[in-house]
Amino acid sequence: MDYSICKASSFNADGLQSLLIIYDVCCQWKKKFMHRLTANPTISLPPSILMSGDITYAVGKFHLSAHIDECYAAHTLNYILGAGQIDGELMETIWGPLKGVVQTMRSMSLEHRKEAMDQQFFNHNWKKLISTSTSYAICQLVPN
Ligand SMILES: [Zn+2]
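Letter 4 of the sequence shown, counting from 1, is numbered 4 in this note's numbering, and no numbers are missing.
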């Protein structure tokens, strides 16, 4: 997780001043993140982030309901300025659509299953892209 966060936050991050990290168990993971960061020379955050110190830790809405009560106020996306209305989940959003093909995939070979999963993700992303453009087009049609 440390490596992923450091690599993701460093990609096209020139001048990045703040960082919002959303992770299923961020409340636990964050506790020694800075210690691990300083102890491991192979990972680092962008210098602008380290200088600003503006790192916010959150837990996705699906996972936060399973945490203890004290986690809610400290890590809910609902109270983070600039987080908007995101749910902070990624893989979980495709569980529903995958449910219909999982039984079929069980009998597939590993390579066939990989191809089938790729097609499912491609289809999911394509539908998301198409619906995004429809929403955008509708927004463009609304008169000023
Ligand atoms: Zn928690």
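Ideal placement from N, C-alpha and C gives every residue a C-beta, glycine not left out.
These numbers come from a predicted model, not from an experiment.
Problem set entry | Where L110 falls: helix, strand or coil (DSSP) | When secondary structure is reduced to three states using DSSP, L110 falls in the helix class.
Problem set entry | Through-space distance from F122 to I138, alpha-carbon basis | With a pLDDT of only 46 at I138, under the threshold of 50, the placement of this residue in the model should not be trusted, and no figure is reported.
For this session: Could you give the DSSP three-state label for S65: helix, strand or coil?
Result: S65: coil per DSSP, three-state reduction.
Problem set entry | Sufficient close CB pairs (3 or more, under 8 Å) joining the stretch 16–33 to the stretch 55–67 | They touch, by the three-pair rule.
Exercise. Taking 8 Å as the line, does the beta carbon of V101 fall inside it for any heavy atom of ligand 1?
Worked result: V101: no, Cβ never under 8 Å from ligand 1.
Problem set entry | Residue environment, P143, which counts as buried when at least 16 other CB atoms sit within 10 Å | Below a pLDDT of 50, predicted positions are generally treated as unreliable, and P143, at 45, falls in that range; no measurement from the model is reported.
For this session: Kindly confirm or deny that the stretch 25–44 and the stretch 67–76 touch, where touching means at least three C-beta pairs closer than 8 Å.
Result: Under the three-pair Cβ rule at 8 Å, the stretch 25–44 counts as touching the stretch 67–76.
Exercise. Would you say the stretch 112–127 touches the stretch 85–100, given that touching needs at least three Cβ pairs under 8 Å?
Worked result: Three or more beta-carbon pairs separated by less than 8 Å link the stretch 112–127 to the stretch 85–100, which places the two stretches in contact.
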